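Worksheet: one structure, shown below.
Number of protein chains: 2
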Amino acid sequence: MSGSRLDPWVDSYASRAHAMRASEIRALFAVASRPEVVSLAGGMPFVQALPIDMLLETAQRVLRERGAQALQYGSGQGDVTLREQILQVIGEVGVTAHPDDIIVTTGSQMALDLVTRVFCDPGDVVLVESPSYVGALGVFRAYECDVVHVAMDDEGLVPSALDEAIVAVRAAGKRAKLIYTIPNFHNPAGITQGQARRAELLAIAQREGIAILEDDPYGLLGFEGEPPRAIRANDPDGVIYLGSFSKTIASGLRVGWAVAPHGVREKLVLANEAAVLCPSNYAQLTISEYLATQPWREQIKTFQEVYRERRDALLESLQALMPEGTTWTIPAGGFYSWLTLPHGLDATAMLPRAVASLVAYVPGTGFYVDGQGRQNLRLSYCYPEPDRIREGVRRLAGVIESELELAETFGTTHSRGAFTGSSVPAPDLR
Amino acid sequence: MSGSRLDPWVDSYASRAHAMRASEIRALFAVASRPEVVSLAGGMPFVQALPIDMLLETAQRVLRERGAQALQYGSGQGDVTLREQILQVIGEVGVTAHPDDIIVTTGSQMALDLVTRVFCDPGDVVLVESPSYVGALGVFRAYECDVVHVAMDDEGLVPSALDEAIVAVRAAGKRAKLIYTIPNFHNPAGITQGQARRAELLAIAQREGIAILEDDPYGLLGFEGEPPRAIRANDPDGVIYLGSFSKTIASGLRVGWAVAPHGVREKLVLANEAAVLCPSNYAQLTISEYLATQPWREQIKTFQEVYRERRDALLESLQALMPEGTTWTIPAGGFYSWLTLPHGLDATAMLPRAVASLVAYVPGTGFYVDGQGRQNLRLSYCYPEPDRIREGVRRLAGVIESELELAETFGTTHSRGAFTGSSVPAPDLR
């Protein structure tokens, strides 16, 4: 973004503000939002699958029956009825809690912010997956944390790699404050941690006295069987669990939550009050009324069907069309697959050519703070219709094939600028 | 709040978390919220004066006509149509801007948080009025700022005192980053800065290169004549102006905004994205539709009438009932009057006895970080009906008279614990 040199206030900013930079690919995403481009980049839920009449009826009832409350300031911890209802939602992943353990936040992004605010001084280490959610990396950077990536395999975060990372952090005289993990239908990796793996990771966290920050926006959006049991279900004292209504009801309401151990929750409430006084009663009561009067579990099944069909369209067309040497993960739920390009190709360098061919994705480097991920990209199947997904994959396969020809002719080429998660994500990248 | 000693995570918190403490008077305010208590404590707008049908019609139209947008993620800067409409609102106080200069936030509290995040390192100084808004003090403390109070007189912040404070800050080797001021219908002081005074303060800020943070939630809620011209109207580059729909439409929607110079605004948008990804589209489109289709200027006049009647009820009964030696400010708008007790009385010590007499207020020490304000208290007239206000003042006068008798008999007594703004406010205290 231009103009910073002319900013008369640039010398007045806090140290943390210098870490707030717009990503280099924002301009490109502005182009990618044109209707002729198939965007496999954004993580927007397909809210059109939510019958608008359900929301209309809900909003009317809230305003007619509890208007004075809906329009007023509320509790800094969140509406108590909604917190009781959240117990039912988290019960689906095996989490039991008391309504007092829950704090309602302005989307679970705000919960990420508040947890980091409460735990992390500048220079404190947060251990994250390789790759990790770009929006979380933006928060950790805003609080000047040191982010350390830990390897994943098909079962998720690798325990031996976590052990090694903790040893290395300690040897460097640093302190790891949080292990940040997305165990279900990982963004961007599309991987789900096995239950045995979860137990191993929890044992390490407990042994080392490091809190686990379990981010679970997609847990109820699995495509087969029961929702996976949350890590928090096995340790109420060592895990801070984050959930959201953004993908199961609607992201535009900005309602998420944290379930936290008693002392942490007290700090989170105070931090929430300092940040926003209280979450929106209007949004909270709308969600609460919806949960009380609408068939929300059936609606989640509808969302699962929508996303499963799109996941299948993506995987089938990747299988049919991608050139040899290209691999991808098979998500069992959620919104994303993580693709690895043939050796020698660079997803960041390729992006302008992909957009010129009317298909967009997020380059893998966005999900790392350290320049890893050049050979990777994230494909989202949540928003476009199945036929558009197939067309997008067809275009992408064409781009990759052209890149392979170029590489054979001229040798491998890498982009100069790395796009890393250290820049704040554009909303399209969530 | 109990239990902190048993918190297993207490050694893992960030330095800033140790500054997050619940105020000692929270428990008392839980009692004060009982219906038999006349609360002159809370700053809740009287949202019942907003016809619910106006909101119902608005919400229906939003969901029917723009449902997919209202339920979806949006721009990190806020909806562009709403930003254009905000130009009309701030035009009322003489502020001209471009929609790009505006960032929509989750209430203007979030704007306070983001501005502090962008400007203030730990130890940086924020210059504030004596007294100042408790919610802002909570934010500054959360970012570990040094808050320096500057004297006010009947015209607001005193220029010579501001000069002296800046000299003293510099002599102490510190840097003042922000001058935080509420020029209109001050919370809690009930004072409005004169226009000449605003010019003097602006000249000092410009000369010293310190940004003014102008917080104006009440500017359109004056009781006579035109809304006072904002400081920002005279300096687009040196002032960050904060506004809110909490008092002119409804606080439960949590929609506020900042108008900021170009470079600052860019940082604020990035900070907003890191904190919440984007403000709620549902709330924003509801506000936007309301502004486009409902008589919002007439509704603000209705609010003015409601609050003027209550202000008059407060002032008339104070005049009629308060014992000699008690003084108070005469607000020309907004929600608050600032009362000074007779010499020797202590508002914090008196509060439990007031609550026992079924009347509540906020002790003055809450609006300072340094223990000042023991002789003061804030009276809010925004929420109770006029007859309740009169009854509350009658009860309060009785309590003060009893205190005077006690003081004459036993000498002055002070409370032991100071309640200061360094604790985070309970929502009732906003």
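Protein sequence lines, in the order shown, are assigned to chains G and W.
Just remember that the numbering used here sits 456 ahead of the position in the first sequence, which is counted from 1.
Just remember that the numbering used here sits 456 ahead of the position in the second sequence, which is counted from 1.
Just so you know, even glycine gets a beta-carbon here, dropped at the ideal spot from N, CA and C.
Being a predicted model, the structure only gives us computed values, none of them experimental.
Contact check for residue 766 of chain G against residue 838 of chain G passes: the beta carbons are separated by less than 8 Å. Taking a Cβ-Cβ cut-off of 7 Å, the neighbours of residue 717 of chain G in chain W comprise 465, given in sequence order. Measuring C-alpha to C-alpha distances from residue 858 of chain G to each of G:798, G:823 and G:834 identifies G:798 as the nearest. For the pair residue 775 of chain W and residue 836 of chain W, the Cα-to-Cα distance works out to about 16 Å.
Between residue 596 of chain G and residue 468 of chain W, the gap from beta carbon to beta carbon reaches 8 Å or more. Between residue 634 of chain W and residue 551 of chain W, the C-beta spacing is not below 8 Å. Around the Cβ of residue 487 of chain W, a 10 Å sphere holds fewer than 16 other Cβ atoms; the residue is exposed. Against chain W, the beta carbon of residue 737 of chain G has neighbours under 7 Å at 708, listed in chain order. Separation of residue 673 of chain W and residue 746 of chain W (C-alpha to C-alpha, rounded to the nearest whole angstrom) is 18 Å. Listed in chain order, the non-local C-beta contacts of residue 625 of chain G below 6 Å within the same chain comprise 581 and 632, local neighbours out to five positions each way being set aside. Contact check between the region 529 to 539 of chain G and the region 730 to 741 of chain G: three or more CB pairs, one atom from each, fall below 8 Å, which counts as touching. Taken through DSSP and simplified to helix, strand or coil, residue 620 of chain G comes out as helix. Shown here for residue 717 of chain W: same chain residues with a beta carbon closer than 7 Å to its own, the five before and five after excluded, namely 692 and 693 in chain order. When C-alpha distances from residue 750 of chain G are compared across G:713, G:688, G:866 and G:508, the shortest belongs to G:508. Around the C-beta of residue 654 of chain G, 16 or more other C-beta atoms lie within 10 Å, and the residue is accordingly described as buried. Residue contact with chain G for residue 637 of chain W: absent (no Cβ-Cβ distance below 8 Å to any residue of chain G). Scanning W:826, W:844, W:478 and W:864 for the CA closest to the CA of residue 768 of chain W turns up W:844. Residues of chain W whose Cβ lies closer than 8 Å to the Cβ of residue 773 of chain G do not exist, since the nearest Cβ in that chain is about 26 Å away. When Cβ-Cβ separations below 8 Å define contact, residue 575 of chain W makes contact with chain G. In the structure shown, the three-state DSSP call for residue 469 of chain G is coil. At a cut-off of 8 Å, the C-beta of residue 764 of chain W has no neighbouring C-beta in chain G. Counting C-beta pairs closer than 8 Å gives three or more between the region 816 to 826 of chain W and the region 601 to 612 of chain W, which meets the contact rule. Our two residues, residue 700 of chain G and residue 834 of chain G, have alpha carbons roughly 22 Å apart in a direct line. Around residue 811 of chain W, the same chain offers 484, 487, 488 and 493 as residues with beta carbons nearer than 7 Å, after the five sequence neighbours per side are excluded.
Every beta strand (DSSP E) stretch that sits fully inside the region 816 to 875 of chain W and reaches 3 residues is listed by chain position as 832 to 836.
Cβ-Cβ distances below 8 Å link residue 662 of chain G to 691 and 694 in the same chain, with the five nearest sequence neighbours on each side left out; the list follows chain order. In this structure, DSSP gives residue 674 of chain W a state outside helix and strand, which the three-state scheme calls coil. Closer than 8 Å to the CB of residue 633 of chain G there is at least one CB belonging to chain W.
If you check the CB distance, residue 573 of chain W and residue 524 of chain G do not come in under 8 Å. By the Cβ-count criterion, residue 462 of chain W is exposed, with fewer than 16 other Cβ atoms from all chains shown falling within 10 Å of its own Cβ. Within the same chain, Cβ atoms closer than 6 Å to the Cβ of residue 781 of chain G are found at 798, the five residues on either side in sequence being excluded. Annotation for residue 795 of chain G: the continuous beta strand (DSSP E) segment containing it runs 792 to 796. A direct Cα-to-Cα measurement between residue 503 of chain W and residue 591 of chain G gives close to 35 Å. Contact annotation: in the region 472 to 504 of chain G, residues whose CB is within less than 8 Å of a CB in chain W are 472, 473, 476, 477, 478, 500, 501, 503 and 504.
In this structure the region 803 to 818 of chain G touches the region 846 to 866 of chain G; the number of beta carbon pairs closer than 8 Å is three or more. The beta-carbon separation of residue 515 of chain W and residue 759 of chain W, rounded to 20 Å, does not stay under the 8 Å limit for a contact.
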